[in-house]
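Anchor point for the sequence shown: position 68 equals 68 in our numbering, and the numbering is continuous, going up by one each time.
C-beta atoms are modelled at their ideal positions from N, C-alpha and C, and glycine is treated no differently.
Below: one structure, written as structure tokens.
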Amino acid sequence: MPCYRCGTRQSDPDRGPSPWQRGVVAEHLVLVCPACQRQAGWADALTACGRCGSRRLVRRLDQVECLDCRMTRDAAPDTPEPPSGPVLANTVLADEVARALDRVLRRE
Ligand SMILES: [Zn+2]
Ligand SMILES: [Zn+2]
1 MPCYRCGTRQ
11 SDPDRGPSPW
21 QRGVVAEHLV
31 LVCPACQRQA
41 GWADALTACG
51 RCGSRRLVRR
61 LDQVECLDCR
71 MTRDAAPDTP
81 EPPSGPVLAN
91 TVLADEVARA
101 LDRVLRRE
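Here is the structure:
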């Protein structure tokens, strides 16, 4: 995942903790590279924890967790996503069934 501010890609991780900072912006997990962390106000755009004000939040599945006070909350629902695989497959299947029926009915 690239840095959300400058788009730099994370280089091969060295051993030990990553210098990249995780955070949440618009309910999505983002990474901030070490260079951007040296700029003033770099964390202002990150979502702050509602309990302790920390901006060290991470998104896990459908929850947002604060790494400092461990508070978790449900993430706000995303904007509607395009239909996922199974829904699409069902639609295609229904289409095929309809077409097959059509052929059968026309033959009679
Ligand atoms: Zn950056
Ligand atoms: Zn917190």
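For residue i and residue j, I'd like the C-alpha separation in whole angstroms.
i: S11; j: M1; result: 10 Å
i: A75; j: G50; result: 12 Å
i: G118; j: M71; result: As displayed, the chain neither begins before 1 nor continues past 108, which places residue 118 out of reach and without an answer.
i: P77; j: L61; result: 11 Å
Can you tell me whether residue i is buried or exposed, with buried defined as 16 or more other CB within 10 angstroms of its CB?
i: E65; result: buried
i: V24; result: buried
i: V92; result: exposed
i: V97; result: exposed
i: V32; result: buried
i: L46; result: buried
i: V104; result: exposed
i: C3; result: buried
Let me know the secondary structure DSSP gives residue i once reduced to three states.
i: D95; result: helix
i: L101; result: helix
i: R106; result: helix
i: C36; result: helix
i: T72; result: strand
Assuming residue i contacts residue j (C-beta within less than 8 Å), just tell me the rounded distance between them.
i: D68; j: R56; result: 6 Å
i: P19; j: P34; result: 4 Å
i: E27; j: R59; result: 7 Å
i: L29; j: R22; result: 6 Å
Could you tell me if the beta carbon of residue i falls within a distance shorter than 6 Å of some heavy atom in ligand 3?
i: R5; result: As for ligand 3, it is missing from this structure, which binds only ligand 1 and ligand 2.
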